[in-house]
Amino acid sequence: MITLHVYLAPKPGQYEALKSKINDPWISTMSEQSGFVQAAMLTQFDDESSEDIEVISYWESEALRLEWVARPIHDEVFSSIIDLAETISPTVKTVSNTWSV
Numbered sequence: 003m004i005t006l007h008v009y010l011a012p013k014p015g016q017y018e019a020l021k022s023k024i025n026d027p028w029i030s031t032m033s034e035q036s037g038f039v040q041a042a043m044l045t046q047f048d049d050e051s052s053e054d055i056e057v058i059s060y061w062e063s064e065a066l067r068l069e070w071v072a073r074p075i076h077d078e079v080f081s082s083i084i085d086l087a088e089t090i091s092p093t094v095k096t097v098s099n100t101w102s103v
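Residues 3 to 103, numbered by our numbering, are exactly what the sequence shown covers, in order.
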């Protein structure tokens, strides 16, 4: 299993809009893809000084995640994220251990 971590900083005044577009259409569409396991959106805890967002999606394999990225629907739903984000930084990691969440 792998995880995709996407770190996003919204454009000024776009924090709520970005969170909304992350939920739908991006993650809602992603969750319908083969190999998708789950996702989480992380925001700052009790601190309004930062509007940075981290989205973590879990996938059965990197090959299945890449199949999703190659589909035209990916670019269609991700374009709204690009429009609202000042910066986007992705990284893929291997899941070495899991515990009950």
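By construction, the Cβ of each residue, glycine as well, lies at the ideal position given by its N, Cα and C atoms. Keep in mind that this is a model prediction, so the values were computed, not measured.
Between the C-alpha atoms of I83 and I24, what's the straight-line distance to the nearest angstrom?
The sequence position of residue 83 within the sequence shown is 81, counting from 1. The sequence position of residue 24 within the sequence shown is 22, counting from 1. Their Cα atoms are separated by approximately 7 Å.
With distances taken Cα to Cα, identify the nearest neighbour of I55 among P92, E34 and V79.
Position 53 of the sequence shown, counting from 1, holds the residue named residue 55. When only C-alpha atoms are compared, the closest one is P92.
Hey, would you say T45 sits closer than 8 Å to I75, going by beta carbons?
Locating residue 45 in the sequence shown gives position 43, where the first residue counts as 1. Locating residue 75 in the sequence shown gives position 73, where the first residue counts as 1. Not closer than 8 Å, so no.
Since I58 and A72 should fall inside the 8 Å C-beta cutoff, what is the C-beta to C-beta distance between them, to a whole number of angstroms?
On the sequence shown, residue 58 is found 56 positions in, with the first residue counted as 1. On the sequence shown, residue 72 is found 70 positions in, with the first residue counted as 1. 21 Å between Cβ atoms; not a contact.
Report the option in E69, P27 and T96 whose CA atom is closest to the CA atom of F80.
Here residue 80 corresponds to residue number 78 of the sequence shown, with the count starting at 1. For the residues E69, P27 and T96, the minimum Cα distance to F80 belongs to P27.
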